[in-house]
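Input: a single structure, listed below in structure tokens.
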Amino acid sequence: MVPGAARYTSLPAGEAPMVPLQAVPPSEQLYGATPTSDEGVRLEPASPDDRRTHRERDEASSSTSPPDEGVLKLNWSAIDRKTDIDIQEKSQLKVSAFSPNIVHVVAFLTAFALILLNASSLYLGGDMPGTIDRDSEKLFGLLFAAEIHELLMLASVGSILSAYIRMELSRDNSTGLPFGALFSPFQFQNISFLFSSEMAGVYFHDWKKTRRQALFIGLVVACCILGVSVGPSSATLMRPRLDTWAAGGTTFWVNITEDELYPKFIANSPGLSGCLVDSGDLSCPAGNWQILDQTFFSYWPQLKMQSPYHSRESMPGYMIVQSRYSGRDFRIKSGGRMIWAAKNTLASVPLCPLADAVAELGRLWSIAAASASDIKYKYHKEAYFTLEALQPVVMTRCQSNGFPILESISDSELYNQTSSEDSAGIDPMPAIAWLDDKPLMDRLNSSVAAVVTIPGSGELPLSTQFCSIKAIFAPSSYQVK
484 MVPGAARYTS
494 LPAGEAPMVP
504 LQAVPPSEQL
514 YGATPTSDEG
524 VRLEPASPDD
534 RRTHRERDEA
544 SSSTSPPDEG
554 VLKLNWSAID
564 RKTDIDIQEK
574 SQLKVSAFSP
584 NIVHVVAFLT
594 AFALILLNAS
604 SLYLGGDMPG
614 TIDRDSEKLF
624 GLLFAAEIHE
634 LLMLASVGSI
644 LSAYIRMELS
654 RDNSTGLPFG
664 ALFSPFQFQN
674 ISFLFSSEMA
684 GVYFHDWKKT
694 RRQALFIGLV
704 VACCILGVSV
714 GPSSATLMRP
724 RLDTWAAGGT
734 TFWVNITEDE
744 LYPKFIANSP
754 GLSGCLVDSG
764 DLSCPAGNWQ
774 ILDQTFFSYW
784 PQLKMQSPYH
794 SRESMPGYMI
804 VQSRYSGRDF
814 RIKSGGRMIW
824 AAKNTLASVP
834 LCPLADAVAE
844 LGRLWSIAAA
854 SASDIKYKYH
864 KEAYFTLEAL
874 QPVVMTRCQS
884 NGFPILESIS
894 DSELYNQTSS
904 EDSAGIDPMP
914 AIAWLDDKPL
924 MDRLNSSVAA
934 VVTIPGSGEL
944 PLSTQFCSIK
954 AIFAPSSYQV
964 K
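Numbering (my numbering), first residue to last: 484 to 964.
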């Protein structure tokens, strides 16, 4: 620092705006201003000759007009760039202040988007978007993205916990934090941290204010819960779900009365006169009866009711009965593994008129969906058409020493009909005698009864089975796909 007057050099008028500046008094420490370029000036100490010249000029000017005390007016031709520097510094400060919040914005916006997509059940298509038949690679990419999102969420939660610790330590009236609290931003993702020695110091620390202790412990517990749950949650939300969605419905009518559709008694009907013989009409009650011959009856010559090895022999419990517009599932269930040897069996098949109606409506829906404007109708994976209605169910139970009562599961409750075996007769061929005596049916709680006579063969003696059969209509769900 060299005391003295200021030396200046001005540019010609018109080349740059003249900016009046104030300088300190000559008695203070002064610097001379010398322009170094057209864009700025360089300050340097004034030489003794310059200070002498400047002092003489000040004395001459003071004799003509009183000078302003401590004020030196200078015309500067330098370009002021201070404003640009201030703006740049302010923008840098804004960016540096916002940058720690980027991790919060990205993590929570991603979580919000995942929750919104899963809540709205957005349709993605029959297959995952992208290359066809590459679902394994697509799922791997989604799992990788879920792992990245988990790391972002953990960083966000850890940053929140660190910010709270810094706030507590910087309080004017703060009593500080236990040393173990400093480890919480790095170990909160493990639930065992809540039972560690570090947190024990937090629990038993002598806090001056209980409210701050409860707030800090609650924050750590919440962060631990988020730390252990955010990973599985992200993976679950990012993985697309294969689910069904409502695709409309309609009301249809069947050209038949309810009593004809669900009869209480099976009797001759004039409308079924054409079904007395097998004409190949699938709408007849005995339509497609050949499936029974092919699926069940073909097993009977090999089956031995009284053979000790009958457990190795089996019969199918499922087949498809064809009707005019649909294929109906005919299912047989039993209490044991062997259907033919079980004493309790259950058989059920959908009604032909209802199954045909649902199948035909499904065909019409598929035609309409192919020309629909909504892509989810065009590219659906599968379509199910469901109807809630009644379905016939037939239950059968047979015993060798009398007719079983269907309400009872115990073998001791049997209705002995000694004349039934005689009515079946003795024949070298298997025979069935049907009984529909109302007092007997009321006693057995059945719809019909049968006496089955199986002739002996070789070492096997004659076998007689007494069967109680009950037919009902049970609620069912007709489904076509």
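No residue lacks a Cβ here, since even glycine has one placed at the ideal position from N, Cα and C.
| request: Confirm, please, whether the CB-CB distance from residue 957 to residue 834 is below 8 Å. | output: Working through the sequence shown from its first residue, we reach residue 834 at position 351. Working through the sequence shown from its first residue, we reach residue 957 at position 474. Not a contact, by the Cβ cut-off of 8 Å.
| query | CB residue 870 to CB residue 847, shorter than 8 Å? | reply | In the sequence shown, the residue the question calls residue 870 occupies position 387. In the sequence shown, the residue the question calls residue 847 occupies position 364. Cβ atoms of residue 870 and residue 847: not closer than 8 Å.
| said: Please classify residue 727 as buried or exposed, where buried requires at least 16 other C-beta atoms within 10 Å of its C-beta. | reply: Your numbering for residue 727 matches position 244 in the sequence shown. That one is exposed.
| message | For a test of the three-state rule: what should DSSP assign to residue 891, helix, strand or coil? | response | Position 408 of the sequence shown, counted from the first residue, corresponds to residue 891. With a pLDDT of 48 at residue 891, under the threshold of 50, the modelled position of this residue cannot be trusted; read the value that follows with caution. If DSSP states are grouped into helix, strand and coil, residue 891 belongs with coil.
| query | Does DSSP put residue 601 in a helix, in a strand, or in coil? | reply | Here residue 601 refers to the residue found at position 118 of the sequence shown. In the structure shown, residue 601 adopts helical secondary structure according to DSSP, grouped into three states.
| task | Look at the alpha carbon of residue 954 and the alpha carbon of residue 722, and state the distance between them as a whole number of angstroms. | result | As a first step, residue 954 is located in the sequence shown; it is residue number 471 there, counting from the start. As a first step, residue 722 is located in the sequence shown; it is residue number 239 there, counting from the start. For residue 954 and residue 722, the distance between alpha carbons rounds to 47 Å.
| task | Take the Cβ of residue 760 as the centre, count every other Cβ of all protein chains shown within 10 Å, and call the residue buried at 16 or more, exposed below. | result | Within the sequence shown, the letter at position 277 stands for residue 760. Flag for residue 760 reads exposed.
| query | Got a sec, what are the start and stop residues for the beta strand (DSSP E) residue 933 sits in? | reply | Position 450 of the sequence shown holds residue 933. Where residue 933 is concerned, the enclosing beta strand (DSSP E) starts and stops at 931-937.
| task | State yes or no: is the beta carbon of residue 736 nearer than 8 Å to at least one beta carbon in chain B? | result | Among the protein chains of the structure shown there is no chain B, as only one such chain exists.
| Out of curiosity, what's the CA-to-CA distance linking residue 813 and residue 674? | In the sequence shown, counting from the first residue as 1, residue 813 sits at position 330. In the sequence shown, counting from the first residue as 1, residue 674 sits at position 191. Each residue's alpha carbon lies about 54 Å from the other.
| field | CA-to-CA distance, residue 924 to residue 916, given in whole angstroms | value | Within the sequence shown, residue 916 is the residue found at index 433, counting from 1. Within the sequence shown, residue 924 is the residue found at index 441, counting from 1. Cα-Cα distance, rounded: 15 Å.
| field | Reduced DSSP secondary structure (H/G/I, E/B, other) of residue 513 | value | Reading the sequence shown from its first residue, position 30 is the one you call residue 513. The predicted model places residue 513 with a pLDDT of 41, which falls under 50 and marks its position as unreliable; any figure quoted below should be read in that light. Collapsing the DSSP output to three states places residue 513 in coil.
| request: Specify, as a first and last residue, the run of the alpha helix (DSSP H) that residue 713 falls within. | output: Here residue 713 is taken as the residue at index 230 of the sequence shown, counted from 1. Residues 693-721.
| Pairwise C-alpha distance: residue 600 and residue 756 | Taking the sequence shown and counting its residues from 1, one reaches residue 756 at position 273. Taking the sequence shown and counting its residues from 1, one reaches residue 600 at position 117. Taking C-alpha positions only, residue 756 is separated from residue 600 by approximately 60 Å.
| request: Sort out for me which residues DSSP pairs residue 879 with in a bridge. | output: Here residue 879 is taken as the residue at index 396 of the sequence shown, counted from 1. Looking at the DSSP output, residue 879 sits in a beta bridge with 828 and 952.
| query | Whole-angstrom Cβ separation of residue 641 and residue 671, contact assumed at under 8 Å? | reply | Here residue 641 corresponds to residue number 158 of the sequence shown, with the count starting at 1. Here residue 671 corresponds to residue number 188 of the sequence shown, with the count starting at 1. Their Cβ separation, rounded to whole angstroms, is 7 Å, which keeps residue 641 and residue 671 in contact under 8 Å.
| message | By the three-class DSSP mapping on this structure, what secondary structure does residue 649 have? | response | For the purposes of this step, residue 649 is taken as residue 166 along the sequence shown, with counting starting at 1. In the structure shown, residue 649 sits in a helix (DSSP, three-state: H, G or I).
| said: Determine whether the beta carbon atoms of residue 639 and residue 591 lie at a separation below 8 Å. | reply: Here the question's residue 639 lines up with position 156 in the sequence shown. Here the question's residue 591 lines up with position 108 in the sequence shown. It is a contact, given that the beta carbons lie within the stated cut-off.
| message | Using the three-state DSSP reduction, which class does residue 848 fall into: helix, strand or coil? | response | In the sequence shown, residue 848 corresponds to position 365, counting from 1. In this structure, residue 848 counts as helix in the three-state DSSP scheme.
| said: Assess contact between the segment 679-688 and the segment 641-656, defined as three or more Cβ pairs (one per stretch) separated by less than 8 Å. Is contact present? | reply: Contact between the segment 679-688 and the segment 641-656 is absent, with fewer than three C-beta pairs closer than 8 Å.
| said: By the three-class DSSP mapping on this structure, what secondary structure does residue 590 have? | reply: As a first step, residue 590 must be located in the sequence shown, where it is residue number 107. When DSSP states are grouped into helix, strand and coil, residue 590 belongs to the helix group.
| query | Thinking just about the alpha-carbon of each residue, which of 945, 879 and 939 is nearest to the one in residue 933? | reply | On the sequence shown, residue 933 is found 450 positions in, with the first residue counted as 1. Closest option to residue 933, Cα to Cα, is 879.
| field | Environment of residue 661 [buried if 16+ CB atoms lie within 10 Å] | value | Taking the sequence shown and counting its residues from 1, one reaches residue 661 at position 178. Classified as buried, residue 661 has 16 or more neighbouring CB atoms from the shown chains inside 10 Å of its CB.
| query | From what residue to what residue does the beta strand (DSSP E) around residue 810 run? | reply | The residue you call residue 810 lines up with position 327 of the sequence shown. First-last of the beta strand (DSSP E) with residue 810: 810-817.
| task | Determine the DSSP secondary structure at residue 788, reduced to helix, strand or coil. | result | Within the sequence shown, numbered from 1, the residue matching residue 788 stands at position 305. At residue 788 the pLDDT is 49, less than 50, meaning the model places this residue with poor confidence and gives no usable figure here.
| query | Considering residue 683, what are the terminal residues of the alpha helix (DSSP H) in which it resides? | reply | Taking the first residue of the sequence shown as position 1, residue 683 is located at position 200. First-last of the alpha helix (DSSP H) with residue 683: 680-686.
| task | Going by DSSP, name the residue or residues bridged to residue 640. | result | On the sequence shown, position 157 is the one that residue 640 refers to. Residue pairing by DSSP places residue 640 opposite no residue, since no beta bridge is assigned to it.
| query | So, helix, strand or coil for residue 740, using DSSP? | reply | In the sequence shown, counting from the first residue as 1, residue 740 sits at position 257. Reduced to three states, the DSSP call for residue 740 is coil.
| query | Where DSSP assigns a beta bridge to residue 802, which residues make up the other side? | reply | Position 319 of the sequence shown, counted from the start, is the residue given in the question as residue 802. Under DSSP, the beta-bridge partners assigned to residue 802 are 813.
| Residue from 867, 830, 912 and 919 whose Cα sits closest to the Cα of residue 877 | Translated into the one-based positions of the sequence shown, residue 877 becomes position 394. Check the Cα spacing between residue 877 and each of 867, 830, 912 and 919: the tightest is with 830.
| query | Roughly how many angstroms separate the alpha carbons of residue 705 and residue 585, rounded to a whole number? | reply | What you label residue 705 is simply residue 222 of the sequence shown in a count that begins at 1. What you label residue 585 is simply residue 102 of the sequence shown in a count that begins at 1. Rounded to whole angstroms, the separation of the alpha carbons of residue 585 and residue 705 is 21 Å.
| How about residue 744 and residue 807: do their beta carbons lie closer than 8 Å? | One-based indexing of the sequence shown puts residue 744 at position 261. One-based indexing of the sequence shown puts residue 807 at position 324. Not a contact, by the Cβ cut-off of 8 Å.
| message | Taking the alpha helix (DSSP H) that residue 774 belongs to, which residues open and close that run? | response | The residue you call residue 774 lines up with position 291 of the sequence shown. From DSSP, the alpha helix (DSSP H) with residue 774 extends over 773-778.
| said: Using only the alpha-carbon positions, how far apart do residue 962 and residue 758 sit? | reply: What you label residue 962 is simply residue 479 of the sequence shown in a count that begins at 1. What you label residue 758 is simply residue 275 of the sequence shown in a count that begins at 1. Near 28 Å, if we compare the C-alpha coordinates of residue 758 and residue 962.
| Buried or exposed: which applies to residue 633, given that a residue is buried once 16 or more other Cβ atoms fall within 10 Å of its Cβ? | In the sequence shown, counting from the first residue as 1, residue 633 sits at position 150. Buried is the call here.
| task | Have a look at the DSSP bridge pairing and note the partners of residue 917. | result | Here residue 917 is taken as the residue at index 434 of the sequence shown, counted from 1. Beta-bridge analysis with DSSP links residue 917 to 933.
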